[in-house]
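Only one structure is covered here, and it is reproduced in the block below.
Chains as they are written, first to last, in the working numbering: chain P, 1 to 265; chain H, 1001 to 1265; chain X, 2001 to 2301; chain G, 3001 to 3301.
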């Protein structure tokens, strides 16, 4: 992952990793008291960072039936026993995905993506190579459910041209399909709201529902961003820089949340 | 409740209560390995007697979410804590009535009735007096669900003309409504199969679905039975006598199952 | 952070007249007595009340004339007697009501809890319960239909989503993570179907207790708006593992509720005549009586 | 009375080729490894397999060529890698499949468990998952429709009722009353949707143990046809509170499953090359390795 320019802090010069900027940016998208469904990796790191800072009453749900886990060791998957530690509730899909997500009480869903297009449609099912040959991957699991039903969706992924094509190879989880509103698509959830990559933070235009740049991470040039995106990006007049993690956020990420650097390389 | 003639057993002459004959008759309707939904009172007594004799693997469900309770003291209702003692499962309506009864795995439902008519329709909702004035009572609770969905229904009630009218004042729980088959009524459950009263054991004609006499309790005359029934009864050529409880059944009922005589007066 | 633990009077003040409230009690068990008494003291009128199988709590509200519409699956006070106030109101048509069954009420709450606006069921067919719903106050909530895959005939039920569900629980932590002991009837579905959820807990426990038995968390804290901490909050009805029902008081209640006059006297003596639930418990015999009713550890009653 | 506790080989002999079997595993947790190995040894062919989120157990069956039709909601072996055999079979169209989502699979099992032939859902709409189901093998199992009360657009799902569900549980008594620790994904709905239910238990406990924690009984005994008592039955996947996953073996499996040849070698070495699950456990390092993987009491792994 790209490493940003070192920045001056007091007298020390510290290197801040893009993944740390992503985690901090993700955390800032979460508000205190919200209910979120998270996957593992950066989404979980971001939610823990939010809980440790401005959102102590954040509720995190894992689709398999775990609420508010406090992992001591880093899990390799949702059903890794490490994800169950000190949870306040163990139940199942029907409770988490049915009686919470489908019930409409989940504020935000935090998803990863294999491909994401200009309308925020997500593909996690298959990839087509140049010759058109199809290779299948994981599929939806809870991804389509979260994308269809959460009040808003936040996607975290690496910023590469092949991962951000004009149109995804397979719409596993719908965004604003064909530029249509969610009402037109008969979907209850609000749809994609943020895309956080290792180069920028992006959002969706309220009118045409297309991906637009919100902020560039320090050290990333606009041309570099465009060159790594498979479709024309809406770019505002002024593009602010994504705020860097604070010293406290960095301390939490490095010393408490992911000391082993499993997700924050 | 009517007390039958004393009967000779060896040298002793013992009075056997009608309620004891009803309990024993009810127990004989249950087969080993069956799953039944029971209400309290005689149905429960009968199911316990069956379990203690020929049906050790009988599964008893209470609609509120209790399986196989072993009450030490007599409960006054389904949610009386006394009904929870030593159960193998505590859950709720959704599990017992949804995932078992509605799923179609309940072999028999044991119901009481305020009124029951010639087609086995049950009323537990209201009574009309001579002047036509309506008085409301308990209503369905799980009664309609059991009558609609159990593979067969066994009713236990006192044999009185006003409780066995030609047509019930309100069809709370359907039997063979209007003499129709259960298929014609779009009902999954097999419908009423036995009526056990303090005078006789009755069944339903497979052709016209009307109540027919199966056996008369010892000491009960056919004329007496007819006089206490609000509609013409189908009567076979030969009416056997309802078998009396065995000595062992009586011992269980009197010494172990209901020593206080709460239900077996 | 504002605490979710609130007094019953504070919580009831937040309930607008005309609300649809669902009660988690069943016949003579885990009734919302402290809540219902306060609703009566504060005279919250024109309520729609729903309950799987009605008990003392709903009978009190109906007797007090606060209920405009009742949605229920039947009910009684078991061996102690019928729900006289409710039955009388039905006879006098002094309110409107929808009469269902245990499972159809549970399915209506389940649909609400799952965010489904409808759900099919195979109960009710060929009964006068369904006919009365179709021709009465329930006409907009039931519809006969066929399965698109099998052609089988069903009744479709409209989801039931109360404005506020009140549920009695055994323990809750300060965030509202709740655990219930013993049978739970439709408590979970009713709680999760509601727009607002308020629980009445016998005991407040540290979150660490909840984390020790997370599989027992029937209601997660993020769904709970407020927690009323009221020991013996369901008296004279029973709470498995906490206390037995007060048979003497239930008999006294049924005796009074046989006539409107008797019921009025009961309200005067035990509800309006009590400052709060503690005062009411004193009238029932106070700590000495509660000690008698306290559950034995193994039996749970 | 005949005992319900049976050997895995005896149970698997009772499964006809062509059956629809549902597996209770999820990715790398509580997979039905002992059962799947025996299905492969006994070469039970033409199976329809359904699983909420597929894992190693289904990947083994597909790799062994026993699966004619797969119904799933996605899946992988988490960080250890993809389900290579399943993905390869989809690429080669060597079987037919229906691709759903976690919740739509759960709802299909829920409908089956409740005895409903259909259930509505708000997922799937506007996705190519739905389009592929409508135009492919799932065409008879999904249907767009509107709510008769609100007019809202839904997808109706046909109930999923497996011929046999196999579910891994932590403890069971000799009657089949089962308790599961930790998250349960769709275990309960899948178990109760099935026509036949067979559980694989880590431990057999006396009924008195079940009666001590009856609120933890997720599967009641009367639904269970047979109990396979197999400690470490899910190895190399994990069972919360019992043992951790065998990371080394999972890596070895993913390495082998990358090619059909490698997978064939794996089957030869670990499945056909093992008399039974005990023999297989010896190949993984026997009691010493199992002692290393045994869960620590507080952490559960």
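Every residue gets a Cβ at the ideal spot worked out from N, C-alpha and C, and that includes glycine.
Between residue 3056 of chain G and residue 2120 of chain X, the alpha-carbon positions lie close to 36 Å from each other. Among the residues facing chain P, residue 2203 of chain X is not included, as its CB has no counterpart in that chain under 9 Å away. When C-beta distances to chain X are compared with 9 Å, the residues of the stretch 1119-1142 of chain H below that value are 1121, 1123, 1124, 1125, 1126, 1133, 1134, 1135, 1136, 1137, 1138, 1139, 1140, 1141 and 1142, in chain order. When the Cα atoms are used, residue 2128 of chain X and residue 1171 of chain H turn out to be separated by approximately 5 Å.
If you compare the alpha carbons of P/49, P/108, P/202 and P/74 with that of residue 117 of chain P, the shortest gap goes to P/202. Contact of residue 3192 of chain G with chain H by beta-carbon distance below 7 Å involves 1099 and 1103.
Within the stretch 3205-3217 of chain G, those residues whose Cβ lies closer than 8 Å to any Cβ of chain H are, in chain order, 3207, 3210, 3211, 3214, 3215 and 3217. With fewer than 16 other Cβ atoms inside 10 Å of its own Cβ, residue 260 of chain P counts as exposed.
Judged by their CB atoms, residue 2228 of chain X and residue 2022 of chain X are not nearer to each other than the 9 Å cut-off. Contact annotation: residue 1141 of chain H and residue 2102 of chain X have beta-carbon atoms nearer than 9 Å. The residue from X/2038, X/2217 and X/2185 with its alpha-carbon nearest to that of residue 2273 of chain X is X/2038.
Secondary structure at residue 3162 of chain G: coil, using DSSP grouped into helix, strand and coil. Classified as buried, residue 2073 of chain X has 16 or more neighbouring CB atoms from the shown chains inside 10 Å of its CB. Annotated as distal: residue 1177 of chain H and residue 2089 of chain X, with beta-carbon spacing of 9 Å or more.
By the neighbour-count criterion, in which 16 or more other beta carbons inside 10 Å mark a residue as buried, residue 1090 of chain H falls on the buried side.
For residue 2017 of chain X, the number of other beta carbons within 10 angstroms of its own is below 16, and it is reported as exposed. In the displayed model, residue 2095 of chain X falls within coil according to three-state DSSP, outside both helix and strand.
Straight through space, the alpha carbons of residue 165 of chain P and residue 180 of chain P are spaced by roughly 18 Å. Counting only Cβ-Cβ distances below 8 Å, residue 2238 of chain X has contacts in chain H at 1079, 1080 and 1081, in chain order. In terms of CA proximity to residue 2256 of chain X, X/2059 leads the group X/2296, X/2093 and X/2059. For the set G/3243, G/3226 and G/3040, the Cα lying nearest the Cα of residue 3233 of chain G is the one of G/3243.
In its chain, beyond the 5 residues on either side, no residue has a beta carbon closer than 6 Å to the beta carbon of residue 2014 of chain X.
Between the alpha carbons of residue 1115 of chain H and residue 1139 of chain H lies a gap of roughly 12 Å. If you draw a straight line from the Cα of residue 2284 of chain X to the Cα of residue 2001 of chain X, it is about 37 Å long. The C-alpha of residue 1027 of chain H is placed about 6 Å away from the C-alpha of residue 1047 of chain H.
Taking all protein chains in view, the Cβ of residue 2268 of chain X is surrounded by fewer than 16 other Cβ atoms within 10 Å, so the residue is classified as exposed. Residue environment for residue 19 of chain P: buried (at least 16 other C-beta atoms within 10 angstroms of its C-beta). Interface with chain H (9 Å Cβ-Cβ cutoff): residue 3052 of chain G is excluded.
Look at residue 1192 of chain H here: in three-state DSSP terms it is strand.
Contact annotation: residue 86 of chain P and residue 73 of chain P have beta-carbon atoms that are not nearer than 9 Å. Taking C-beta separations shorter than 6 Å and ignoring five residues to either side along the sequence, the partners of residue 125 of chain P in its chain run 139, 170 and 172, following chain order.
Not flagged as an interface residue toward chain X: residue 3020 of chain G, since no C-beta distance is shorter than 9 Å.
Around the beta carbon of residue 1174 of chain H, 16 or more other beta carbons sit within 10 angstroms, so the residue counts as buried. In this structure, X/2184 is the residue among X/2223, X/2070 and X/2184 with its C-alpha nearest to the C-alpha of residue 2216 of chain X.
Taking a C-beta distance under 9 Å as the contact criterion, residue 1093 of chain H and residue 1065 of chain H qualify as a contact pair. Take residue 3175 of chain G, set aside five residues on each side of it, and the residues of its chain with a beta-carbon closer than 7 Å to its own are 3004, 3207 and 3221, in chain order.
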